[in-house]
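Protein chains in written order, with this note's numbering: chain Z, 14 to 375; chain V, 3 to 285. Glycine included, every Cβ here is placed at the ideal spot set by N, Cα and C. Working notes, beginning with the structure itself.
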Amino acid sequence: MPEPGWLPLQRADALLATLREAGYRVVGPQVADGIIRYGPLGEAAALPWGVRVEADAGRWRLRRTGEGRAFAWANGPQALKPLLFAPEETLWRTDADGRPAPQAPEAPPPTAVIGVRACDLAALALLDAHFLRPGREDPWYAARRSGLLLVAVHCTHPAATCFCASTGDGPEAREGHDLALWELEEGWLVEAAGAAGERLLAALPLEAPPAGAAERARTEVAAAAAAQTRRLPEGPLQARLFERLDHPRWAQVGERCLACGSCTAVCPTCFCHAAEERPGLDGSSARVRRWSSCFTEGHSYIHGIVLRPDARSRYRQWLTHKLGAWHAQYGRSGCVGCGRCIAWCPAAIDLVEEMEAIVGDA
Amino acid sequence: MATPEPVPGIDLPVPARVAGRVQESPTIVTLRLELEDPARQAAFRFAPGQFNMLHLPGVGEVPISISSDPDHDTFLGHTVRMVGRVTRALARLPVGARLGVRGPFGRGWPLEAARGGDVVVLAGGLGCAPVVGAVRYVLHRRRDYGRLVVMQGVKHAEDLIWRAQYEAWAREPDVQVLLAADVAGGDWPWNVGPVTELLEGARFDRGRCTVLMCGPEPMMIAAARRLEALGVPAAAIHLSMERNMQCALGRCGHCQIGPWFVCRDGPVFRYDRIRPLLGVRGF
């Protein structure tokens, strides 16, 4: 593997230029509408320079510090999921005579995403396992997934809601990316993983890293792991969760839960979607899928019966799946420790706290 | 990464026509469907207990089990009960109407593994359609199986469909047909009471049989417990489960029961495997 190179922050635009020259459109995080959102990135100056995130249960705020870093924050409400698993997608159309007319999956141009975190990469691997199951690949997801290039950033500033160290998914990005950035005050230490990353690394106008940069970068990421205070109970939790389906805590959290589905919308691994028929006025019709949630009434509906009529049973379904049944389905827990469900819950429900109460005493 | 195209018949519906329809009761219709592409129809292979997704353009798409014979019929039989918006529209389709078909999906009944032993079919309420295909399958291959016991329970005597068919089955050699209604009407020569009571009168080899069950879950749970008490191994008991299915491909997430996607890992489950979550509210 080639040696990591150094890109001073004042030359950050060289990264975007190199990606564009390699044929990628560039997507990255930016401050918009009071949050950090991933979208087309025109210049490095549009990155969230000098902001930090203050997050807690039911709370997420941007704080401007003016410091010279672009990635001194952990995460916003979304990262990769909407880019791959579209919030809404037309699967097929029928003409006025009812003949199906295939809707070719929309293949976006090759896209490079800058600022992907370790938790996002772990979540991506889980979405891949779900949507790209061998022999039954989801063509719509696959079309968006192909041609995706990932520029990871190792986390140095975890939010109080982060617990990736306890799920084993961060804060250091370990696999699934093409390039990775270690951010220091004065520049990015850039390293490559895999052939595409190495080609880009060779094309970047890199300098020799300042003395001690690699050590300082590693120290910062190690400190980011040590700074995390939330920890999931030691797993795997599958057996313990299914042994405790009648634990009184499910009813207590059900009293607080609004069943709004915010947690499943911001969760980077939640994949549930509903199919809808959209008839047109001309007799044609479209079959559309869009994000859904196990917190909706319709999720468990079957011929006149709602199998999960209350927030208690829906919250239990969500977590017995995410932290339990996921092991049987995909070989690991479905939680990557990003903490988004904690920050974006309007009722300030903390998944870590709930799991501690239900399965933490084993 | 090569991008897979949506597969017609799996990811996308293929066009089919209603070639025939039988009004089984005021709310139940059997549709005989033919795929518009004759080669596709001829190549369509399925196992009893599997299901198709039937797409009615402008209305919606629902999973319906296949009740025709995989080897002897040249059409796809689907018995539809009017329970919701889509099934009401499907049940009103006239002969010649066009609809879309995706499938077959799921795991069907273990009829290959059942060869050489007795086959016991237990259906409750109007959930008899998924097992009818299995009964016909066994009757078409009579020498491959031992005794065939068919038990069907209904709430009201007038709910029974396929009455003539049960009577015809009962005349076949080594076939026992037992019917029960919770509420009997005037012309009801069979049992009155729950379908599980029929087990006492069923004659089959409890150590060498395959049980196929379909119907309301409380009925299946009661019957499975009774069968175990009678000496039938839990691994010989199979249940067809129903859940909300919107994709049939294990993608949309609605049909999960614990670790299983019913559309892919089911709809037929072995009792000993699914027992821990059977009857647990919320699953």
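Chain-ordered listing is empty here: chain Z has no CB closer than 7 Å to the CB of V:C130, the nearest sitting near 15 Å.
In terms of Cα proximity to Z:P95, the closest of Z:I355, Z:S305, Z:F176 is Z:S305. Your pair V:G203 and V:L229 does not check out as a contact, with CB atoms roughly 14 Å apart and the cut at 8 Å.
The beta carbon of V:P96 sits closer than 8 Å to the beta carbons of V20, R23 from its chain, once the five residues preceding and following it are set aside; these are given in chain order. Taking 8 Å as the cut-off, the beta carbon of Z:V365 is found no closer than this to the beta carbon of Z:R253.
Here the C-alpha atom of V:A172 lies approximately 15 Å from the C-alpha atom of V:N193. If you ignore the 5 residues before and after Z:E56, its C-beta comes within less than 8 Å of the C-beta of D26, L29, all in its own chain and listed in chain order.
Close partners of V:L101 in chain Z (Cβ separation under 9 Å): G111. Exposed is the label assigned to V:T76, since fewer than 16 other Cβ atoms lie within 10 Å of its Cβ.
Under a criterion of Cβ atoms nearer than 8 Å, the residues of chain Z adjacent to V:T5 are, in order, P118, A120, P152, A155, A156, S159. Counted as a single uninterrupted DSSP element, the stretch harbouring V:I163 is not any alpha helix (DSSP H), since DSSP gives it neither H nor E.
Our two residues, V:M215 and V:D274, have alpha carbons roughly 14 Å apart in a direct line. Counting only Cβ-Cβ distances below 8 Å, V:H256 has contacts in chain Z at C285, A287, S305, H312, S313, in chain order.
In the DSSP assignment, the residues bridged to Z:R303 are Z:E101, Z:A287. Contact with chain V is absent for Z:S346, since none of that chain's Cβ atoms lies less than 8 Å from the residue's Cβ. Scanning its chain for C-beta atoms nearer than 7 Å, with the 5 sequence neighbours on each side dropped, one finds around Z:G89 the residues P42, I48, I49, R50, in chain order. Per the coordinates, the alpha-carbon of Z:T282 lies some 44 Å from the alpha-carbon of V:V197. With respect to chain V, the C-beta atom of Z:L320 has a partner C-beta closer than 8 Å. Of all residues in the region 220 to 250 of chain V, only E244, R245, N246, Q248, C249 place a beta-carbon less than 7 Å from a beta-carbon of chain Z. Contiguous beta strand (DSSP E) elements confined to the region 183 to 216 of chain V occur at 211 to 216, taking only those with 3 or more residues.
Close CB contacts of V:I66 within its chain, under the 7 Å cut and outside five residues either way in sequence, are with F53, N54, L56, H80, V82 (chain order).
Contact annotation, Z:H340 with Z:A237: C-beta distance approximately 27 Å; criterion of less than 8 Å not satisfied. Contact note: Z:E290 reaches chain V through H57, L58, P59, G60, V61, G62, E63, V88, using a C-beta cutoff of 9 Å and chain order. Residue state for Z:D110 is assigned as coil, using DSSP reduced to three classes. Its chain contains G63, R65 as the residues whose beta carbon lies nearer than 6 Å to that of Z:T78, once the 5 sequence neighbours on both sides are disregarded; these appear in chain order.
At a cut-off of 8 Å, the C-beta of Z:H334 has a neighbouring C-beta in chain V. Flagged as an interface residue toward chain V: Z:A341, by a C-beta distance shorter than 8 Å.
Each residue's CA atom was taken as its position, placing Z:T309 and Z:L20 some 47 Å apart. For V:G135, the uninterrupted alpha helix (DSSP H) run begins and ends at 131 to 142, by DSSP. Within the DSSP secondary-structure output, Z:R65 pairs in a beta bridge with Z:R76.
Taking C-alpha positions only, V:Q154 is separated from Z:Q241 by approximately 60 Å. In this structure, Z:L134 lies near Z:E188, with their beta-carbon atoms less than 8 Å apart. For Z:M368, the enclosing alpha helix (DSSP H) has its first and last residue at 364 to 372. Put simply, the CB of Z:R74 is far from chain V, with every gap to its CB atoms at 8 Å or more. In this structure, DSSP gives V:M222 a helical state, which the three-state scheme calls helix. Z:G350 counts as buried, since at least 16 other C-beta atoms from the protein chains shown sit within 10 angstroms of its C-beta.
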